[in-house]
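If you read the sequences in order, they're chains A, B and C. Numbering (this note's numbering) for the first sequence: 6 to 207. Numbering (this note's numbering) for the second sequence: 33 to 188. Numbering (this note's numbering) for the third sequence: 73 to 747. Ideal Cβ positions, reconstructed from N, Cα and C, are used throughout, including at glycine. Remember, it's a predicted structure, so these values are computed and weren't measured experimentally. Some notes on the structure that comes next.
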Amino acid sequence: MTNHGPMKKGLHTRHRRLWGWFAVAVAVGIFAAACALSDDISDNDLRIQQLNKTIMCPVCPGESIDQSQNQLSAQMRSIVSEQVHEGRSDEQIKAFFVERYTQSVLLEPPQKGFSLLVWLLPPAGMVAAIVLLILALRVMRRSANESPDDIQETVSLSDAERSRYFARLEAVLDYEEGDPTMPKDWNEEGSNPGLAKERSDD
Amino acid sequence: MLVLVAVLLALLPAIAIIYPFVRGLGHDELPEEEISSKVELGLRWDAALAGLKSAELDWSIGRLAEGDYRWLRQRYMTEASVVMKAMEIEEEQQRDLLASIERELEEARVRAPESEDAGPSTCPECSSAVQCPECGISLTAGETEDPDLPHGTSFE
Amino acid sequence: MRKGVILDSRRNGLMIDAGQIALVMSLLVAGYATVASLVGASLKVPQLTASGRFGLYTVPVLVSVSMIGVVYAFVTHEFSVRYVAENSSLSMPKVYTWVAIYAGNAGSMLYLAMVVSILSVLAVFHLRRRQPHAAAYAAGLMGLMLMFFLGVMVFLANPLERLPVIPADGQGINPLLVHFGMFIHPPLQMMGLVSVVIPFSIAMGALLAGRGGQDDWVDVARSWAMVSWLIMTVGLLLGAWWAYTILGWGGYWAWDPVENSALMPWLAMTAFVHSIMVQKRRGMFRMWNMVLIIVAVTLAQMGMFINRGGPVPSVHSFAQSTMGWLFLLFMAFTLLGSATAFVWRLDSLKSREKLDSLVSRESMFLLQNVLFLIVAFVTLWGTVFPIFSEAASDVTITVGRPFFDLVNGPILLALVFIMGVGPLLPWRRASVRTVVQALKYPASAAIVTGVVLVAAGLDKPPAIVAFATFALVITGIIHEWIRGTHSRHRRGDSYPVAFVRLISANRPRYGGYIVHLAIIMLAVGATASSFYSVQRDLVMRPGDSATLGDYSFKYLDVRSTSYRDREESVAEFEVHKGDSYLGIMRPFRAFYPDANIAGTRGAIRSTVIEDFYIVASEFDEDGRAVFRVLINPLVWWMWASGPLLILGVVVALIPQRQPAPATLRVPANVRTARA
């Protein structure tokens with residue numbers, strides 16, 4: 006693999022790059038087209054849907070009333086709809102349901118009391134983890150397996166040896182896996198002893 | 033009928049379990065440490081080559097600055113060279129070891145006819161056959177079962 | 073053991089009794105295999121380890137005999153077998169037998185035992201060629217896992233247990249299970265969770281053998297980790313797809329506790345398959361990888377626990393039972409044992425090399441790992457928090473979708489960002505110049521994308537940031553592919569050949585790229601449908617028309633059919649988009665009075681751009697019903713990512729050999745003769 010280095014730029018390449026940007030623009034255009042849908046949903050309806058997604062159906066564990074299809078959910082959805090059209094705020098509507106079904110009817114845990122913990126721990130954990138990560142990386146930079154067995158210490162290369170080995174390496178780097186013309190003193194199985202064939206049973 | 037089935041079902045694992053004991057398998061099971069340094073070198077070699085190829089690919093795509101490329105290449109090729117040299121040293125050491133074992137055995141054999149104890153001796157005339165000094169039956173030279181020697185070593 | 077029942081001599085009971093015997097036998101053999109392998113390995117008695125291993129090889133055969141017995145019992149409607157009576161009926165079509173097998177606890181245990189036994193045999197075979205010492209310990213560990221499943225069956229939940237009185241008909245199968253998706257999703261999901269045991273046993277086996285720092289087992293562990301990851305990913309994707317097409321709320325992921333319990337081990341395994349590459353290349357992260365795989369297997373066992381009747385209520389609660397707590401014990405035992413082994417062999421896990429720079433692929437891998445674990449931790453925290461809250465403050469709260477979306481969303485996006493930037497950095501060290509050079513095109517693409525989307529009128533900044541990030545990742549990958557292909561093309565290959573050779577010469581790397589592309593497809597679909605889907609609930613009678621976006625649809629009619637076990641209603645809609653006629657769509661609803669369960673199937677018209685989705689609720693006598701109509705943009709891309717993902721993993725799994733000088737080959741006559 007004689008390395009030509011990074012490709013030189015030329016007119017040819019510039020044309021190709023324009024095509025590249027064009028492709029990107031088209032792809033992005035598709036995203037935009039898909040997402041920029043005409044919103045003929047009224048604001049009220051949007052609010053209703055959002056609220057429905059945060060209120061849990063009391064008899065179907067874990068499902069929002071938006072998800073669930075049973076009677077009770079349908080009733081609750083119509084209550085939400087009524088109250089939104091009456092002009093009540095999101096908090097008022099949520100409080101209404103909490104009064105009847107306890108706090109657990111809301112899918113989002115409250116941000117006060119003991120439940121504050123559920124919100125605090127993730128960011129705290131994240132900060133702690135990043136700090137630990139940086140410390141760990143620092144430690145990994147300094148330490149190493151400094152044992153005297155390490156061959157980089159015990160095996161020294163003279164300059165002549167180095168060029169000899171480098172030349173040998175260069176000679177084989179161009180060859181790819183499975184190339185039958187690879188020189189004979191290099192083998193195809195690679196260095197994996199596990200692939201050698203002397204394991205006899207099973 | 034069910035008893036027959038039960039026996040058959042029990043027989044399969046029973047045979048499988050007893051087989052290694054009966055056939056004396058196991059020389060391959062838990063090989064010793066002599067190979068592990070070769071394994072380690074092989075792994076380091078693979079890693080060095082893989083790293084080298086990675087760097088080459090990144091460079092040809094234009095994703096690597098020249099300084100970084102040179103530095104990486106130097107590191108990987110040095111590592112690969114060191115591994116190659118270490119392998120060659122090991123090979124040499126192994127050959128030397130084998131040769132010195134052979135020499136010792138040779139010496140031991142040459143010394144043996146002078147001992148008082150009964151033991152195999154060579155014919156004084158052709159010095160190629162080994163015979164029992166007591167009854168004169170010739171013993172064939174061939175493979176040894178000495179566990180300290182690599183399998184397959186044979187000598188006259 | 074109820075010998076009286078087993079020796080019952082009814083003719084058609086022979087297969088079932090044989091199955092029972094095989095089950096007990098497999099437990100005994102697995103027990104022997106475990107003990108023999110572990111004792112033989114530690115005392116260095118090779119015949120013993122060989123014997124244990126051969127015993128392990130026979131376990132799949134024995135378990136299969138049991139499985140055949142169960143299948144036979146189902147197919148012949150043998151209601152004297154309790155499990156068959158509980159999970160099938162005379163009217164159940166034979167093809168549902170497959171689903172019935174894992175519908176209940178005993179059957180799924182048998183399925184899990186079969187999966188583990190087969191995978192164990194293959195993995196031990198594979199590992200032995202590379203690291204026989206580790207293989208002996210690994211075989212013992214896998215035997216231990218098998219003993220759990222087999223033991224639970226023999227003593228607690230026997231799939232072939234007989235009833236004292238034979239019922240005339242069975243209780244039938246849960247109607248929700250009777251769908252094409254259910255033929256694949258649960259077994260695949262279970263297989264995924266249990267398959268984590270394999271890379272764990274390999275790594276732990278190497279650790280116990282004292283060869284944790286030797287790294288020759290790393291390739292084997294990596295391959296099996298990837299296989300396990302693939303199964304889990306496909307299982308999760310299929311689950312989402314099934315939820316989307318069947319459950320009829322227009323969504324595909326609700327952060328339900330059982331979903332979360334399947335997600336967490338997936339997160340840990342994703343981290344592992346990446347960081348294990350660093351161990352392979354640099355001999356680093358040895359301790360970390362060992363911890364990571366222990367975390368993964370613990371989470372997988374926790375997943376099985378939550379799945380089987382854990383403490384948190386969920387829509388998935390098909391098979392509630394107290395058996396779940398056994399899994400918890402099993403998990404605790406595994407964790408304790410692993411931690412002990414880890415501490416004991418800590419010395420063998422020192423790194424071979426040191427980190428060269430904080431800016432390098434290695435540190436990106438570690439950052440990625442940390443973020444994945446944070447997502448797992450947050451998910452776990454949110455899932456179990458209600459229990460704490462109730463214990464600590466007597467207030468029951470729910471931690472649902474809004475919490476997880478809000479907290480995990482940004483972290484997942486950060487992970488996608490790293491997925492783009494990480495591969496751009498070289499190993500060991502990257503100077504500022506390299507970083508700039510590598511990031512040039514991807515970053516520009518991200519900015520351009522952001523600008524274009526804003527100009528196109530999209531609101532919702534989080535979505536725009538997400539799309540820009542996706543553009544960054546895609547550009548990085550495609551850019552490399554183009555330049556790499558071109559560079560080879562200049563050396564003589566035609567473009568297609570150059571491309572194929574490029575992939576083939578760098579399989580782990582390019583297989584990884586293919587997987588990353590699939591993940592981006594998934595992310596694009598998930599982001600677009602999460603932020604930009606448009607929904608409307610409408611009450612309609614036959615003859616009514618309505619519109620949503622560009623679509624106009626007319627409710628024609630509903631047809632109801634009564635079957636023996638259910639009442640089915642199919643509505644017909646005539647659908648137009650703008651001026652063009654799209655066809656008839658048929659949302660469907662079924663009600664099972666015996667089980668008091670309703671099932672729906674949405675009518676979905678899916679294109680590359682968007683899905684148009686109609687779902688029906690209960691119908692009145694005059695055909696009036698509430699219909700939910702949805703436009704979900706770009707959802708198609710989520711499901712299309714599946715096949716691409718599989719392809720990527722397959723490419724990455726094919727071993728890549730490096731040429732080596734002949735001296736590096738292990739000479740055939742250097743053998744150990746010492747026993």
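request  = Determine the DSSP secondary structure at N704 (chain C), reduced to helix, strand or coil.
outcome  = For the purposes of this step, residue 704 (chain C) is taken as residue 632 along the third sequence, with counting starting at 1. Assignment of N704 (chain C) by DSSP, reduced to helix, strand and coil, places it in the strand class.
query = Residues in its own chain within less than 7 Å of A570 (chain C) by CB, not counting five upstream and five downstream?
reply = Position 498 of the third sequence holds residue 570 (chain C). Exclusion of the five residues before and after A570 (chain C) leaves T557, R560, H561 as the residues of its chain whose Cβ lies within less than 7 Å of its Cβ.
query = Should M33 (chain B) be flagged as near chain A, meaning a C-beta pair shorter than 8 Å?
reply = For the purposes of this step, residue 33 (chain B) is taken as residue 1 along the second sequence, with counting starting at 1. Answer no: the Cβ-Cβ gap between M33 (chain B) and chain A never drops below 8 Å.
R661 (chain C) - DSSP class collapsed to helix/strand/coil = As a first step, residue 661 (chain C) is located in the third sequence; it is residue number 589 there, counting from the start. It is a strand residue.
Closer than 7 Å at the beta carbon, the chain C residues around C40 (chain A) = In the first sequence, residue 40 (chain A) corresponds to position 35, counting from 1. The answer, in chain order, is L530, A600, Y604, P705.
task = Below 7 Å CB to CB, which residues in the same chain sit around Q728 (chain C) once its five sequence neighbours on both sides are set aside?
result = Position 656 of the third sequence, counted from the start, is the residue given in the question as residue 728 (chain C). For Q728 (chain C), where only same-chain residues beyond five positions count, the Cβ hits under 7 Å are R579, P580.
task = Using the DSSP secondary-structure output, state which residues sit across from A670 (chain C) in a beta bridge.
result = As a working mapping, residue 670 (chain C) is identified with position 598 in the third sequence. For A670 (chain C), which the question treats as bridged, DSSP gives the partners C:F663.
request  = Would you mind giving the Cβ-Cβ distance between M186 (chain C) and Y144 (chain C), rounded to the nearest angstrom? I have them listed as a contact below 8 Å.
outcome  = For the purposes of this step, residue 186 (chain C) is taken as the residue at position 114 of the third sequence. For the purposes of this step, residue 144 (chain C) is taken as the residue at position 72 of the third sequence. Not a contact, Cβ separation roughly 15 Å.
task = For A112 (chain B), count neighbouring C-beta atoms within 10 Å of its own C-beta (all shown protein chains included) and say buried if the count is 16 or more, exposed if not.
result = If you number the second sequence from 1, residue 112 (chain B) lands on position 80. Under the 10 Å beta carbon count, A112 (chain B) is surrounded by 16 or more other beta carbons and is classified as buried.
query = Do you know whose CA, among C:Q351, C:L400, C:M359, lies nearest G375 (chain C)'s CA?
reply = Your numbering for residue 375 (chain C) matches position 303 in the third sequence. Distances from the CA of G375 (chain C) to each of C:Q351, C:L400, C:M359 were compared; the closest alpha carbon is that of C:L400.
ask   = So what's E120 (chain B) in DSSP terms, helix, strand or just coil?
value = As a first step, residue 120 (chain B) must be located in the second sequence, where it is residue number 88. In the structure shown, E120 (chain B) sits in a helix (DSSP, three-state: H, G or I).
Residue burial classification, Q125 (chain B) (beta-carbon count within 10 angstroms, cutoff 16) = Looking up residue 125 (chain B) in the second sequence gives position 93. By the 10 Å Cβ count, Q125 (chain B) comes out exposed.
inquiry  = I'd like to know whether the C-beta of G76 (chain C) is nearer than 8 Å to at least one C-beta of chain A.
reply    = As a first step, residue 76 (chain C) must be located in the third sequence, where it is residue number 4. Caution applies to G76 (chain C), whose pLDDT of 38 falls short of 50 and renders its modelled position unreliable; the value that the coordinates give is listed next. By this cut-off, G76 (chain C) is not an interface position.
inquiry  = Nearest by alpha-carbon distance to G597 (chain C): which of C:R636, C:M612, C:A712 is it?
reply    = Residue numbering aside, residue 597 (chain C) sits at position 525 when the third sequence is read from its first letter. Measuring from the Cα of G597 (chain C), the nearest candidate turns out to be C:A712.
key: Sequence-distant residues of the same chain with beta carbon closer than 8 Å to W499 (chain C), five excluded per side   = Sequence index remark: in the third sequence, residue 499 (chain C) carries index 427 (1-based). Closer than 8 Å at Cβ, skipping near neighbours: R353, R354, S432, R433, E434.
request  = Please name the residue, chosen from C:I238, C:T148, C:L199, that lies closest to I270 (chain C) on a Cα-to-Cα basis.
outcome  = For the purposes of this step, residue 270 (chain C) is taken as the residue at position 198 of the third sequence. Minimum Cα distance to I270 (chain C) is reached at C:L199.
ask   = Can you name the residues of chain C whose CB is closer than 9 Å to the CB of V2 (chain B)?
value = Residue 2 (chain B) lies beyond the residue range present for chain B, which begins at 33 and ends at 188; the question has no answer from this structure.
request  = Would you identify the three-state DSSP class for L34 (chain B), choosing helix, strand or coil?
outcome  = By one-based count along the second sequence, residue 34 (chain B) stands at place 2. Residue state, collapsed to three classes: helix.
key: Min CB distance L44 (chain B) to chain A below 8 Å   = Locating residue 44 (chain B) in the second sequence gives position 12, where the first residue counts as 1. By this cut-off, L44 (chain B) is not an interface position.
message = Here's the rule: buried if 16 or more other CB atoms are within 10 angstroms of the residue's CB, otherwise exposed. What is V64 (chain A)?
response = As a position in the first sequence, residue 64 (chain A) is number 59, starting the count at 1. Classification for V64 (chain A): exposed.
message = Looking at the secondary structure, which residues open and close the alpha helix (DSSP H) in which F405 (chain C) lies?
response = Start at 1 with the first residue of the third sequence, and residue 405 (chain C) comes out as number 333. Taken as a continuous stretch (DSSP letters only), the alpha helix (DSSP H) holding F405 (chain C) covers 396 to 416.
request  = Below 7 Å between beta carbons is the criterion; list the residues of the region 82 to 103 of chain C that meet it against any residue of chain B, in chain order.
outcome  = Taking 7 Å as the Cβ-Cβ cut-off against chain B, the residues of the region 82 to 103 of chain C that qualify are L86, D89, A90, I93, A94, M97, V101.
ask   = Could you give the distance in angstroms between the alpha-carbon of N150 (chain A) and the alpha-carbon of C40 (chain A)?
value = Counted from its first residue, the first sequence places residue 150 (chain A) at position 145. Counted from its first residue, the first sequence places residue 40 (chain A) at position 35. Confidence is the limiting factor: at N150 (chain A) the pLDDT is only 48, short of 50, which leaves the residue's position unreliable, though a coordinate-based value still follows. So the alpha carbons of these two residues sit roughly 54 Å apart.
query = Using a beta-carbon distance below 8 Å, is V54 (chain B) in contact with chain A?
reply = In the second sequence, residue 54 (chain B) corresponds to position 22, counting from 1. Among the CB atoms of chain A, none fall inside 8 Å of the CB of V54 (chain B).
ask   = Taking Cβ positions, are F645 (chain C) and I686 (chain C) nearer each other than 8 Å?
value = Here residue 645 (chain C) refers to the residue found at position 573 of the third sequence. Here residue 686 (chain C) refers to the residue found at position 614 of the third sequence. Yes, the Cβ-Cβ distance between F645 (chain C) and I686 (chain C) is below 8 Å.
message = Give me the DSSP bridge partner(s) of F625 (chain C).
response = The residue labelled residue 625 (chain C) in the question sits at position 553 within the third sequence. BP columns for F625 (chain C) point to C:A618, C:V647.
inquiry  = I need the DSSP call for E175 (chain B), collapsed to helix, strand or coil.
reply    = Along the second sequence, one-based indexing puts residue 175 (chain B) at 143. With a pLDDT of only 40 at E175 (chain B), under the threshold of 50, the placement of this residue in the model should not be trusted; the figure read from the coordinates follows. E175 (chain B): strand per DSSP, three-state reduction.
inquiry  = Strictly by DSSP, which residues pair up with T633 (chain C)?
reply    = Counting from one through the third sequence, the residue named residue 633 (chain C) turns up at place 561. T633 (chain C) pairs with C:E640.
inquiry  = Are the CB atoms of A343 (chain C) and W325 (chain C) within a distance shorter than 8 Å?
reply    = Here residue 325 (chain C) is taken as the residue at index 253 of the third sequence, counted from 1. Here residue 343 (chain C) is taken as the residue at index 271 of the third sequence, counted from 1. Result no, Cβ atoms of W325 (chain C) and A343 (chain C) do not sit closer than 8 Å.
query = On the three-pair Cβ rule with 8 Å, is the region 224 to 235 of chain C touching the region 105 to 125 of chain C?
reply = Flag = no, the region 224 to 235 of chain C and the region 105 to 125 of chain C do not touch.
Strand pairing of R608 (chain C), partner residues [DSSP] = Locating residue 608 (chain C) in the third sequence gives position 536, where the first residue counts as 1. For R608 (chain C), which the question treats as bridged, DSSP gives the partners C:V701.
task = Determine contact between the region 691 to 704 of chain C and the region 612 to 624 of chain C, defined as no fewer than three beta-carbon pairs at a distance below 8 Å.
result = Because the criterion of three Cβ pairs below 8 Å is met, the region 691 to 704 of chain C and the region 612 to 624 of chain C touch.
query = Is there contact here, the region 293 to 302 of chain C with the region 650 to 664 of chain C, by at least three beta-carbon pairs under 8 Å?
reply = Note that the region 293 to 302 of chain C does not touch the region 650 to 664 of chain C; fewer than 3 beta-carbon pairs, one per stretch, sit closer than 8 Å.
ask   = Got a sec, what are the start and stop residues for the beta strand (DSSP E) V687 (chain C) sits in?
value = Sequence index remark: in the third sequence, residue 687 (chain C) carries index 615 (1-based). Per DSSP, V687 (chain C) is one residue of the beta strand (DSSP E) stretching across 682 to 688.
inquiry  = Could you check whether the Cβ of S92 (chain B) sits closer than 8 Å to any Cβ belonging to chain C?
reply    = Locating residue 92 (chain B) in the second sequence gives position 60, counting from the first residue. Yes, contact with chain C.
task = At 7 Å on the CB atoms, spell out the chain A contacts of W321 (chain C), in chain order.
result = Position 249 of the third sequence, counting from 1, holds the residue named residue 321 (chain C). Neighbours of W321 (chain C) on chain A, chain order: D71, Q72.
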